[in-house]
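If you read the protein sequences in the order shown, they are chains P and Z.
Those letters in the first sequence? Residues 0 to 209, per numbering that gives the first Met the number 0, in order.
Those letters in the second sequence? Residues 0 to 215, per numbering that gives the first Met the number 0, in order.
The beta-carbon is built from N, C-alpha and C at its ideal position, and this holds for glycine as well.
Take a look at the structure set out below.
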Amino acid sequence: MIVRMPDMPSSDDASSVVRFPLPADVSVAERSEENAWLLRVKSAADPHAFRRLFERLSPRIHSYLRRGGIAPADAENALQDVWLVVWRKAAQFDPALASARTWIFTLVRNRVIDLERAARRDLRLTGVYVEATRGAHPDEPDLLAQALGGRIARVLAQLPREQQEVVLRCYVEGKSQREIAREQRVPLGTIKSRARLAFERLKQLIKESA
Amino acid sequence: MTPQHHPGSGWLMDYACGHLSPAFEIVIASHLLGCRVCKEDLRLAEHVGAEFMMAGAEMATILTADDIVNSTAKSPELEVWRAGSQLPGALDLTGLVSSYLRISLDALRWRGGAGGVSIAKLRHDDNDRLWLLRARPGAVLPRHSHSGSELTLVLQGAYVVGDQVFGVGALEDADEDTWHQPLVTTVGECLCLAATSGSLKFEGWVARLVQRYLGI
Ligand SMILES: [Zn+2]
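This is the structure we're talking about:
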């Protein structure tokens with residue numbers, strides 16, 4: 000999949016395109032392994048299971064943080080905070096609500112928000128901020144995890160290029176729809192439509208595999 | 000009860016990745032409190048995020064698993080499941096203002112009042128602002144076509160635009176459509192939480208109120 004680098008002017012020059020990493024196609028099996036490891040940490044504070052999880056995810060989380068523009072020292076600190084929480088608060092992990100990697104992704108995300116707000120000093124929220132990580136049907140298994148797998152990549156490949164771009168810039172470059180609109184000099188409403196269409200395709204895929 | 004009006008998927012993707020400023024994040028989070036549909040979509044957006052996180056090139060870290068297992072450092076203040084996850088699908092959004100935003104309506108500095116509409120600023124981060132609006136039943140709110148970012152969540156009461164009713168929990172994304180009709184509130188006092196962006200052009204209805212009453 001190919002999209003343009005954000006800072007480059009729009010042109011057809013092949014030198015201004017870059018390849019982004021896409022999700023692998025083996026993630027269903029990997030996710031169940033990771034869930035099992037995290038459950039061992041949760042039930043038995045098993046350091047071996049923790050090490051397996053750490054060794055698989057850590058280099059990727061680190062890379063994700065750096066891609067998102069987090070400075071090296073901050074990335075290491077964020078990583079440490081996230082893993083301390085995983086190790087000490089694994090009791091709160093519930094595989095019925097999210098897979099291990101999705102749970103950890105939300106921890107990373109929350110840390111990134113904290114970092115960005117701390118950098119702007121007084122923007123930090125007071126801990127009352129709310130979110131709905133859990134699904135609407137807590138008694139169901141992680142259907143998303145079962146259904147999607149690495150198919151995200153294949154679905155993306157089917158999308159029109161401008162929809163791919165919105166998804167990639169959001170998830171890979173860490174840009175908001177407003178930033179994407181500004182950068183591409185496209186009305187925000189257009190970016191919103193592209194995001195909605197791309198997202199609908201992802202949902203459709205889940206329905207088809209359910 | 001599921002609201003009829005939802006944020007577009009792009010907002011949920013931004014929320015899942017932590018891209019939103021506090022004002023917009025609070026409005027989206029508040030909508031999620033009462034919306035099962037969007038909670039499901041958020042799960043998907045986070046799932047996709049995790050897959051992308053895992054897809055990147057591996058980059059060596061200094062930190063090792065043993066550092067964590069043997070660490071005596073204080074636990075970081077990092078929320079594990081944030082508050083919304085513990086809330087039931089049905090929610091009394093009127094309690095949101097006092098409990099979640101931790102503010103008392105009467106303690107706010109209300110501006111305006113003409114025509115039964117007043118507005119109070121809750122926070123301001125760069126160009127993004129969070130507002131609370133209060134309108135008497137039957138109050139007519141100014142309306143205009145718009146292209147800026149403006150999200151409005153109904154906390155109490157309802158307002159009507161043409162044949163569409165925005166009731167408790169409904170989120171109006173000002174970019175979605177362009178309307179020219181005025182908004183009329185119904186069923187008692189209408190209370191809305193709104194996020195606006197930008198300072199140059201005021202196009203959404205909240206922004207127009209701000210312009211009218213605060214003169215900015
Ligand atoms: Zn919704």
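Put Leu140 of chain Z into one of helix, strand or coil per three-state DSSP.
strand
With distances taken between CB atoms, is the gap from Ala22 of chain Z to Ala194 of chain Z smaller than 7 Å?
yes
Could you check the C-alpha separation between Asp124 of chain Z and Phe165 of chain Z for me, to the nearest Å?
27 Å
Ligand 1 heavy atom lying under 6 Å from the CB of His5 of chain Z
yes
Would you decide whether Gly137 of chain Z is buried or exposed? Buried here means 16 or more other CB atoms lie within 10 Å of its CB.
exposed
Quick one: using the 10 Å Cβ neighbour count with 16 as the cut-off for buried, is Asp113 of chain P buried or exposed?
buried
Starting from Arg133 of chain Z and walking both ways along the beta strand (DSSP E), at which residues does that stretch end?
127-134
Using a cut-off of 7 Å between C-beta atoms, extract the partners of Leu83 of chain P located in chain Z.
Ile67, Ser70, Ala72, Ser74, Pro75
Taking 6 Å as the line, does the beta carbon of Val36 of chain Z fall inside it for any heavy atom of ligand 1?
yes
Give me the subset of the stretch 168-184 of chain P whose CB atoms are less than 8 Å from a CB atom of chain Z, sorted by chain position.
Cys169, Tyr170, Val171, Gly173, Lys174, Ser175, Gln176, Arg177, Glu178
Between the CA atoms of Phe51 of chain Z and Ala59 of chain Z - distance to the nearest angstrom
18 Å
Around the C-beta of Ile190 of chain P, are 16 or more other C-beta atoms found within 10 angstroms, so that it is buried, or is it exposed?
buried
Are any of the Cβ atoms in chain P nearer than 7 Å to that of His4 of chain Z?
no
Beta-carbon proximity check, Arg39 of chain P vs Val81 of chain P, cutoff 7 Å
no
Residues that Arg87 of chain P contacts on chain Z, provided the C-beta gap is smaller than 8 Å:
Ser74
Using a Cβ-Cβ distance cut-off of 7 Å, determine whether Arg50 of chain P contacts chain Z.
yes
Rounded C-alpha distance that separates Arg200 of chain P from Arg42 of chain Z:
15 Å
According to DSSP, what are the bridge partners of Phe165 of chain Z?
Z:Tyr158
My guess is that Arg133 of chain Z and Glu171 of chain Z are in contact by the Cβ rule of under 8 Å, so how many angstroms apart are they, rounded?
So it is not a contact: roughly 16 Å between Cβ atoms.
Looking at chain Z, which residues of the stretch 98-116 of chain P have a Cβ within less than 8 Å of any of its Cβ atoms?
Ser98, Arg100, Thr101, Ile103, Phe104, Thr105, Leu106, Val107, Arg108, Asn109, Arg110, Val111, Ile112, Asp113, Glu115, Arg116
Under 7 Å between C-beta atoms of Thr184 of chain Z and Gly161 of chain Z
no
Which residues of chain Z have a Cβ atom closer than 7 Å to the Cβ of Ile60 of chain P, listed in chain order?
Met52
Examine chain P for any beta-carbon lying closer than 7 Å to the beta-carbon of Leu182 of chain Z, and answer yes or no.
no
Any idea if Gln3 of chain Z is buried or exposed, counting beta-carbon neighbours within 10 angstroms, 16 or more meaning buried?
exposed
Buried or exposed: which applies to Cys16 of chain Z, given that a residue is buried once 16 or more other Cβ atoms fall within 10 Å of its Cβ?
buried
Should Ile61 of chain Z go down as buried or exposed, given a rule of 16 or more other Cβ atoms within 10 Å for buried?
exposed
Please list, in chain order, all residues of the same chain as His61 of chain P whose beta carbon is under 7 Å from its beta carbon, the five residues on each side excluded.
Ala74, Leu78
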